[in-house]
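Peer 1: The structure's right below; bear with me while I get my questions together.
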Amino acid sequence: MKNDKKDVSGILKFLDELYVKSIDGIPKISKPIPELAEDYLRKNPEVDTAIKKMHTNQIKKCTTSGVVNGFGGLITLPVTIPANVGSVLYVQMRMIACTAYMKGYDLKSDQVQTFVYACLAGISINEFVKKFGVNLGRKLTTSAIKKIPGEVLVKINQKVGFRFLTKFGEKGLINLGKMVPVVGAAINGGLDFAETKVIAKRAYSLFADGDLLQITKTESEEND
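Residue numbers (full-length UniProt numbering): 1 to 224.
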C-alpha cells in the first residue's frame with residue numbers, strides 16, 4: 001500500500017511536469033498553448049471549428065512516429081513509462097489543454113489542471129462532484145469550475161494516479177510499455193490514433209459542451 005502511494009505520487013509529479021511543458025511548449029519543437037490556440041482561431045473564426053481542426057492535427061501527430069520520437073529526451077519520464085509513450089501523452093495533454101483554453105478556461109487554475117488530467121485518464125468527474133455535494137448545474141462553465149473545492153481535486157488526482165499506475169506501472173508495463181518497442185510502428189500508431197481520437201471526443205464534450213457525464217460514459221466502456 002505504501003509503495004502504491006509512493007508510485008501514485010511519482011506519477012502525479014510526472015503529470016505536473018508534463019502539464020507545465022504542455023502549456024509552455026518546448027523551444028524549437030512546440031509553441032505555448034496560447035500561441036497554438038491563436039493560430040487556429042485566426043484561421044478559423046468559429047471556435048468550435050478551430051477546436052476540431054486542432055484535434056485533427058493533434059491526432060495525426062500521435063500517429064506519426066517521426067514527430068513523436070522528435071521529442072526524445074526533452075520530457076523527463078519515470079522509468080516505468082517509455083519515452084515514446086510519454087511523447088504521445090504530451091501531445092494528448094496539449095490537445096486537451098488547448099481545447100480548454102479556446103473555450104475560455106484558465107489553464108493556471110488547479111481545477112482546470114485536474115480536469116485535464118481526468119480527461120486524459122478517462123476518470124469520471126461527475127461521481128466525485130456528486131459525492132461531495134457540489135452543485136455545478138447541468139453544464140460545466142468557467143464560473144462553475146471555480147466552485148470545486150480542493151478536497152475534490154485531491155480525490156480526482158488520486159484516482160488519476162491509480163489509473164496511470166495500472167496502465168504504466170510494473171504490471172501495466174508488461175502489457176503496454178514492453179510491447180511498444182516490439183510491435184510494428186503501424187500497429188502502435190493505430191493504437192495511438194484510436195486512443196487520441198477518444199480523448200479528443202472527451203475534451204470536446206467536457207470543455208466545449210460542458211458535459212460532465214461524458215467521461216462517465218467513456219469510463220464505463222473501459223475495463224478498469
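Ideal Cβ placement from N, Cα and C applies to all residues, glycine included. A quick note: this is a predicted structure, and the numbers were derived from the prediction, not measured.
Pull up the distance between the alpha-carbon of ILE26 and that of LEU41, whole angstroms please.
Peer 2: One C-alpha to the other measures close to 21 Å.
Peer 1: Let me confirm a value: THR56 is counted as buried when at least 16 other C-beta atoms fall within 10 Å, else exposed. Which label applies?
Peer 2: Label assigned to THR56: exposed.
Peer 1: Given 8 Å as the limit, is there contact between the segment 9 to 25 and the segment 88 to 96, that is, 3 or more CB pairs closer than that?
Peer 2: Touching, per the Cβ criterion.
Peer 1: Only counting the same chain, and skipping five residues up and downstream in sequence, which positions put a Cβ closer than 7 Å to that of ASP192?
Peer 2: Cβ neighbours of ASP192 beyond the five flanking positions: CYS62, THR63 and VAL88.
Peer 1: According to DSSP, which residues form a beta bridge with ILE26?
Peer 2: Paired residues: SER30.
Peer 1: According to the Cβ coordinates, are ALA37 and TYR101 closer than 8 Å?
Peer 2: Cβ atoms of ALA37 and TYR101: closer than 8 Å.
Peer 1: With DSSP run on the structure shown, which of helix, strand or coil describes LEU107?
Peer 2: Correct three-state label for LEU107: coil.
Peer 1: Report the three-state DSSP secondary structure of THR114 (helix, strand or coil).
Peer 2: Three-state result, THR114: helix.
Peer 1: Spell out whether any CB of chain B is found under 8 Å from the CB atom of LYS43.
Peer 2: Absence of chain B from the displayed structure is noted, only one protein chain being present.
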